[in-house]
């Protein structure tokens with residue numbers, strides 16, 4: 001029986017070449033485009049699974065100082081003193097790390113190179129999946145001793161030294177020489193990790209400016225790993241309430257902290273305490289919504305059109321269906337045939353859309369719009385391809401058959417398409 | 001006529017509803033693309049006030065650390081000797097200190113106007129064009145008036161609209177731009193109007209109004225109560241004549257600065273490179289969105305063609321009757337096209353309402369620009385008409401006797 005269905009289907013494809021091509025290509029291109037948008041959305045958040053625990057990592061990189069009239073005069077990352085006083089002592093957390101990054105320039109032969117250096121403690125490496133190519137990370141002891149050691153990423157190593165065998169060589173930053181102890185594969189580009197070099201936080205010449213929260217006070221970001229996922233809200237609340245005790249000058253000012261999960265930064269609204277000031281993560285939230293809107297538009301339009309194509313295609317087969325109905329076939333038989341046809345569609349669409357996804361992501365990589373990201377077909381993309389490849393042809397074909405179930409054989413044979 | 005079209009549309013409710021829904025979603029996607037396109041076109045055609053070519057910007061690090069008179073005097077003398085040496089270079093046309101060089105991340109805003117502080121030589125290096133009044137002179141650093149101000153044309157027009165009777169050149173900038181004049185000290189005097197100065201670059205449209213006050217680096221009295229104010233002069237701009245490459249000039253400039261200024265980080269930037277760097281984000285967004293919309297257009301076209309073909313097939317007899325009763329090809333074509341036109345207009349109106357509602361409630365912040373609405377609508381219309389034109393034309397060319405044969 002299945003063989004007969006396939007023979008009917010192949011005849012149909014031969015007869016309605018353009019219809020079938022549009023159906024398969026339309027769905028495949030749509031799926032590949034959705035994979036492209038999904039990759040843009042997810043890779044920027046957690047490139048190559050760089051962030052170890054996105055659902056438990058609370059970051060605190062924004063605070064504001066507000067007076068009683070609701071006017072903020074200062075905003076920026078978290079003050080170091082606050083981190084030391086409150087966050088490090090919290091019982092709900094497993095581990096915390098303080099960091100701050102800054103840009104600098106240096107000359108290599110006749111070329112001016114701009115780099116970003118990250119000052120961090122040794123805990124920092126426990127939060128992210130760094131891929132060490134050569135050497136080692138620095139230790140807490142080296143942080144305490146302010147050892148002038150540094151880790152460099154692969155692109156910078158190639159740019160500055162021309163190779164990756166650079167252990168023991170030195171880099172001059174602000175007239176100090178730092179010895180290279182490790183080479184790391186390209187540091188991913190995220191909101192929280194945008195740098196080329198990492199050195200112990202104790203080397204930051206400004207790290208002693210920890211007490212004042214006044215104008216131009218020096219600030220740090222802090223990442224904490226909360227012990228249990230359900231403790232995240234209470235941990236955030238504790239940081240916020242503790243911050244009220246922080247000594248702020250002038251005295252009638254109040255500091256507000258905005259702790260958040262990394263996932264929340266991209267996928268939910270982070271409101272400012274003063275409502276009129278809108279969202280703290282406005283651009284990320286807008287990017288997320290726009291991506292969802294585009295995915296929805298593509299999916300809906302594609303589904304409407306392929307369902308319509310499918311209905312038209314079945315109606316064009318009126319004589320075939322009419323004869324079969326006249327000889328006693330029911331719409332359930334047609335449904336079975338439709339499922340068999342859908343299987344062929346599903347396999348073709350899956351293969352073509354997967355190939356197109358590789359092509360689209362490869363194209364995106366070659367354009368180098370995101371130089372530190374490597375877009376690949378990963379598990380999420382593959383799931384998207386599978387779900388869409390199965391659901392779209394199935395829905396379209398089943399809806400068409402349901403529509404045909406109400407048509408009389410005589411009408412089909414006479415070519416009346418109601 | 002329109003009543004008749006609606007009657008025809010209602011006859012095939014489901015199909016037309018689906019078409020309407022498709023057009024609405026397509027309009028939203030096209031609206032997003034048009035917004036990016038308009039933004040990018042505006043960025044490249046906008047007047048920024050200076051030529052990015054052969055312009056170098058830079059900064060001196062940790063100037064905020066200066067607290068005492070001695071530290072101030074030491075740094076100031078180093079800064080002046082460095083810039084003096086620079087001006088001697090044969091290829092340097094002008095060089096001066098400024099609060100922030102173009103395309104820098106340092107921003108200061110007052111009353112929704114961008115702000116900078118610059119030496120007369122810095123204005124010369126930028127090459128800002130004077131429209132009215134005069135530019136800064138060396139003597140302005142010693143003026144008893146706290147701030148001598150240059151404003152751009154947008155700021156001028158804004159003041160003129162708000163205070164039509166007041167004299168702008170020579171007027172007090174702070175009083176003219178602040179409604180509550182009693183709280184403002186008599187410290188600012190507008191000396192001239194420049195054509196434009198977009199310090200944040202062509203890709204930032206946040207602040208159209210801009211004002212520049214004169215730098216008083218040469219005048220020690222200005223810093224007396226607050227030696228730390230020297231940080232407002234921590235950047236510089238240098239215009240070279242093009243006889244040497246920007247890269248080579250930067251190498252020389254770096255040597256001069258590191259020789260004269262000790263223990264401070266010196267950063268140098270080619271403004272042309274920064275212009276290129278800042279353009280990457282908008283270009284990237286535009287290209288990705290353009291690609292997605294192309295695919296969307298392809299899918300919409302397939303759908304619209306398929307739906308129209310099916311609809312035409314069903315209405316073949318109707319075409320035959322129309323032709324038999326004397327309708328011409330063009331009239332039949334127009335009848336079908338006008339149905340789609342009505343659907344497109346309805347979808348345009350409905351999606352515009354979605355755009356307004358979404359922006360109003362800040363769900364997705366669409367840009368409410370009439371030009372963008374018109375371009376998006378026309379693009380959708382062109383896509384629809386080009387997709388259906390051929391099938392409709394073919395159907396309208398059928399002979400009445402053959403068309404009437406269909407049931």
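Protein chains in written order, with this note's numbering: chain A, 1 to 418; chain B, 1 to 407. No residue lacks a Cβ here, since even glycine has one placed at the ideal position from N, Cα and C. Quick caveat: nothing in here was measured; it's all calculated off a predicted structure.
> When Cβ atoms are compared, which residues of the region 146-180 of chain A fall closer than 8 Å to chain B?
Replying inline: 174, 175
> Apart from the five residues on each side of it in sequence, which residues of its chain come closer than 6 Å, Cβ to Cβ, to residue 85 of chain B?
Replying inline: 256
>> Residues of chain B with CB closer than 7 Å to the CB of residue 305 of chain A, please, in chain order.
In response: 299, 302, 303, 306
>> Does the CB of residue 28 of chain B have a neighbour CB from chain A at under 8 Å?
In response: yes
> Near residue 360 of chain A, which residues of its chain fall below 8 Å by C-beta distance, leaving aside the five closest residues on each side in sequence?
Replying inline: 32, 33, 35, 36
> Just the Cα atoms here: how many angstroms apart are residue 11 of chain A and residue 354 of chain A?
Replying inline: Approximately 26 Å between the Cα atoms of the pair.
>> Suppose you measure from the CA of residue 280 of chain B to the CA of residue 288 of chain B; what does that come to, to the nearest Å?
In response: A straight-line Cα-Cα distance of about 12 Å links residue 280 of chain B and residue 288 of chain B.
>> Give me the chain B residues within the contact set of residue 302 of chain A, using Cβ-Cβ distance strictly less than 7 Å, ordered along the chain.
In response: Result: 299.
> Taking 8 Å as the CB-CB limit, is residue 310 of chain B close to chain A?
Replying inline: Taking 8 Å as the threshold, the shortest C-beta distance from residue 310 of chain B to chain A falls below it.
>> Using beta carbons (cut-off 8 Å, strictly below), is residue 26 of chain A in contact with chain B?
In response: yes
>> Using a Cβ-Cβ cutoff of less than 7 Å, which residues in the same chain neighbour residue 346 of chain A once the five nearest sequence positions on both sides are dropped?
In response: 389, 390, 393
> residue 247 of chain B versus chain A: which residues are under 9 Å apart at the beta carbon?
Replying inline: Proximity of chain A to residue 247 of chain B at the Cβ level (cut-off 9 Å) is accounted for by 110, 111, 112, in chain order.
> Three-state secondary structure (DSSP) at residue 377 of chain A?
Replying inline: Look at residue 377 of chain A here: in three-state DSSP terms it is coil, with no helix or strand label.
> Taking Cβ positions, are residue 147 of chain B and residue 193 of chain B nearer each other than 8 Å?
Replying inline: No.
> Between residue 240 of chain A and the rest of its own chain, which residues show a CB-CB distance below 8 Å, the 5 nearest in sequence each way excluded?
Replying inline: If we look at residue 240 of chain A and ignore the five residues flanking it on each side, its Cβ neighbours are 256, 257, 259.
>> In this structure, how does DSSP classify residue 218 of chain B when only helix, strand and coil are distinguished?
In response: coil
> How many whole angstroms separate the CB atoms of residue 98 of chain A and residue 232 of chain A, which I take to be in contact at a CB cut-off of 8 Å?
Replying inline: 19 Å between Cβ atoms; not a contact.
>> Could you tell me the alpha carbon to alpha carbon distance between residue 165 of chain B and residue 158 of chain B, rounded to whole angstroms?
In response: 13 Å
>> Which residues does DSSP list as the beta-bridge partners of residue 64 of chain A?
In response: Answer is A:75, A:256, bridged to residue 64 of chain A.
>> Using the Cβ count rule (16 or more neighbours within 10 Å means buried), how would you classify residue 278 of chain A?
In response: By the neighbour-count rule (16 or more Cβ atoms within 10 Å), residue 278 of chain A is not buried but exposed.
> Taking the C-alpha atoms as reference points, what is the distance between residue 364 of chain B and residue 301 of chain A?
Replying inline: 20 Å
>> Please return the same chain residues whose Cβ sits closer than 7 Å to the Cβ of residue 311 of chain A, not counting the five positions on each side in sequence.
In response: 400, 403
> Using a Cβ cut-off of 7 Å, which residues of the region 348-369 of chain A contact any Cβ in chain B, in chain order?
Replying inline: Taking 7 Å as the Cβ-Cβ cut-off, the region 348-369 of chain A approaches chain B at 369, given in chain order.
>> Give me the residue from A:269, A:180, A:123 with the minimum Cα distance to residue 287 of chain A.
In response: A:269
> Just by C-beta distance, which residues in the region 216-240 of chain B are closer than 7 Å to chain A?
Replying inline: none
>> So, with DSSP's three-state summary, where would you put residue 308 of chain A?
In response: helix
> What are the boundary residues of the alpha helix (DSSP H) that includes residue 333 of chain A?
Replying inline: 331-367
> Is DSSP giving residue 52 of chain B helix, strand or coil here?
Replying inline: coil
> Based on the DSSP secondary-structure assignment, which residues constitute the bridge partners of residue 111 of chain A?
Replying inline: A:108
>> Run through the DSSP bridge pairs and tell me what residue 117 of chain B is partnered with.
In response: B:213
> With DSSP run on the structure shown, which of helix, strand or coil describes residue 57 of chain A?
Replying inline: strand
>> For a cutoff of 8 Å on Cβ pairs, would you count residue 216 of chain A as touching chain B?
In response: Low confidence applies here, because residue 216 of chain A scores a pLDDT of 43, under 50, leaving its location unreliable and the question unanswered by this model.
> When you compare only the Cα positions, how much space is there between residue 230 of chain B and residue 263 of chain A?
Replying inline: 42 Å
> Among B:393, B:382, B:63, which has the Cα closest to the Cα of residue 331 of chain B?
Replying inline: That would be B:393, whose Cα lies nearest to the Cα of residue 331 of chain B.
> Who are the Cβ neighbours of residue 121 of chain B in its own chain at under 7 Å, not counting the five residues just before and after it?
Replying inline: 94, 95, 96
> Taking C-beta to C-beta, are residue 312 of chain B and residue 395 of chain B nearer than 8 Å?
Replying inline: yes
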